[in-house]
Amino acid sequence: MAAYLIKRLLLIIPTMIGIMLINFVIVQFAPGGPIEQIVAELSGSASGIESRIGGGGEGIGGAAQAQIGQQGSDPSSKYRGAEGLDPDLIKELEKQFGFDKPPVERFLHMMWNYATFNFGRSYFQDKPVLQLIKEKLPVSISLGLWMVLLTYMISIPLGIRKAVQDGQPFDVWTSGILVIGYALPGFMVGVFLLVMFAGGSFFQWFPSGGLTSDNWHRLSLFGKIADYFWHLVLPLIALGIGAFTTLTFLTKNSFLDEIRKQYVLTARAKGLTERQVLYGHVFRNAMLLIIAGFPAAFISAFFSGSLLVESIFSLDGLGSLGFVSVLKRDYAVVFATLYIFALMGLVVNLISDFIYTLVDPRIDFESREV
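Letter 41 of the sequence shown, counting from 1, is numbered 1506 in my numbering, and no numbers are missing.
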């Protein structure tokens, strides 16, 4: 297992380079960019740039700001809308954002910094990228982590019971509910819950937004915990309404497939109880497929599909940060979040292999190709 672990750890390096390279190349051909964003604002209002870029040191710099509004033009400029702006200002912007260097040099410089977890500063918010991510993490962790835990805690026991009672009334009506829940978009469920139970038109049972109340710091420890989870009820329902379906049916089908195998008939013939057969023999083998899907579920829960729900419930998480960063072409934030979540995905995937061996010690990763 040690040799396999070393191979997988070494494989992370070229995998990360490939992921970042593909996205870096795509960005080079994508229309717009941070400089175009500033040029568009300069074209509308010469003074508007001062609200988007800080003064000397952290922003463009005093020399560049002094040039804003000066006459001059560069008809051959490669930036749309740059006609009529001082060419020296455009060059200063390129230097500020690092676009005065060739793409290959920029990519190598970015990867070297990312290898040491130096993600730089946001182009437009004048804050370190890691600080921005840390500010948004409480919301995304709260939504993602609790949603994954609830999904697995509910779907696995439900799927097992559906497999045991396959074709019976319980299996039929629960399947109908799961299919309906899967067909409902999360944001529509969120709007419905907000209107019905958060003071929209009917009941004021839950808060309408935020992760905590305004008086959270004055509450007792128990009050803080209760207030925190009270704010999470509606967003988690909206996010998880369709998440249970896939995992529940996967669990059911995995158990059904194992229950029909010969070793189950042999175990029953030896006089073992149904519970001993189910949890002593079937569970270990059937859970392998469930564990295989855990890394993807864990990582995607932090940002997949959460943007609309975050907006509906006024939650400022990584989904909102990523969306705004893409719109503003804040590549420092975009690539940093991509790097962090890709690395997390690879590491969690490696951890899942260890869980495989705990569930079924017969699995030998040493004997297979990476």
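Where is the CB? At the ideal position from N, CA and C, for every residue including glycine.
Just so it is clear, the structure is predicted and the values come from calculations on it, not from any experiment.
- The continuous alpha helix (DSSP H) containing glutamine 1493 extends over residues 1467 to 1494.
- Under the 10 Å beta carbon count, methionine 1612 is surrounded by 16 or more other beta carbons and is classified as buried.
- Around the CB of arginine 1740, fewer than 16 other CB atoms lie within 10 Å, so the residue is classed as exposed.
- Around the beta carbon of tyrosine 1796, 16 or more other beta carbons sit within 10 angstroms, so the residue counts as buried.
- Within the segment 1609 to 1696, the complete alpha helix (DSSP H) segments at least 4 residues long are 1634 to 1648, 1651 to 1662, listed from N- to C-terminus.
- Annotation: histidine 1746 to serine 1620 spans about 20 Å, alpha carbon to alpha carbon.
- For phenylalanine 1709, the closest C-alpha among the options Val1774, Met1618, Thr1738 is that of Met1618.
- As far as DSSP is concerned, proline 1700 takes part in no beta bridge.
- Less than 8 Å separates the beta-carbon of glycine 1705 from that of leucine 1615.
- By the criterion of a C-beta distance shorter than 6 Å, phenylalanine 1778 is surrounded in its chain by Gly1674, Pro1700, once the five residues flanking it on both sides are discounted.
- Within the same chain, no Cβ atom closer than 6 Å to the Cβ of tryptophan 1695 is found once the five residues on either side in sequence are excluded.
- When the alpha-carbon of leucine 1597 is set against those of Met1809, Ser1817, Ser1785, the nearest one is in Ser1785.
- By the criterion of a C-beta distance shorter than 6 Å, phenylalanine 1662 is surrounded in its chain by Phe1668, Trp1670, Phe1671, once the five residues flanking it on both sides are discounted.
- Annotation for glycine 1787: the continuous alpha helix (DSSP H) segment containing it runs 1783 to 1793.
- Three or more Cβ pairs closer than 8 Å define a contact, and the segment 1797 to 1810 falls short of that threshold against the segment 1626 to 1639.
- Of the other Cβ atoms in all chains shown, 16 or more fall within 10 Å of the Cβ of lysine 1717; this residue is therefore buried.
- A contact is defined here as three or more CB-CB pairs under 8 Å, and the segment 1680 to 1687 fails this definition with respect to the segment 1644 to 1659.
- When secondary structure is reduced to three states using DSSP, proline 1593 falls in the strand class.
- CA-to-CA, the gap between leucine 1715 and proline 1622 works out to about 12 Å.
- In terms of CA proximity to isoleucine 1645, Thr1711 leads the group Phe1494, Ile1478, Leu1737, Thr1711.
- In the three-state DSSP reduction, arginine 1725 falls in the coil class, being neither helix nor strand.
- Looking only at Gln1727, Leu1486, Thr1731, Ser1607, the smallest Cα-Cα distance to threonine 1677 is reached by Ser1607.
- Of the other Cβ atoms in all chains shown, fewer than 16 fall within 10 Å of the Cβ of glutamine 1493; this residue is therefore exposed.
- With contacts defined as CB atoms closer than 8 Å, valine 1798 and serine 1640 fail to qualify as a contacting pair.
- A check of alpha carbon separations from glutamine 1590 across Leu1721, Glu1600, Asn1583, Phe1582 identifies Glu1600 as the nearest.
- Nearest to phenylalanine 1489 by alpha-carbon distance, out of Phe1582, Met1653, Phe1800, is Phe1800.
- If you look at tyrosine 1579, you'll find it in the alpha helix (DSSP H) that goes 1568 to 1580.
- Taking C-beta atoms as the reference points, valine 1774 and phenylalanine 1652 count as a pair closer than 8 Å.
- Here leucine 1780 is near valine 1604, since their CB atoms are less than 8 Å apart.
- Excluding the 5 residues flanking it on each side, lysine 1592 has same chain C-beta neighbours closer than 8 Å at Arg1586, in chain order.
- Contact between serine 1719 and isoleucine 1755 holds: their C-beta atoms lie close to 7 Å from each other, under 8 Å.
- Put simply, of Trp1638, Asp1636, Gly1609 the residue whose alpha carbon is nearest the alpha carbon of leucine 1783 is Gly1609.
- Beta-bridge partners of arginine 1586 (DSSP): Pro1593.
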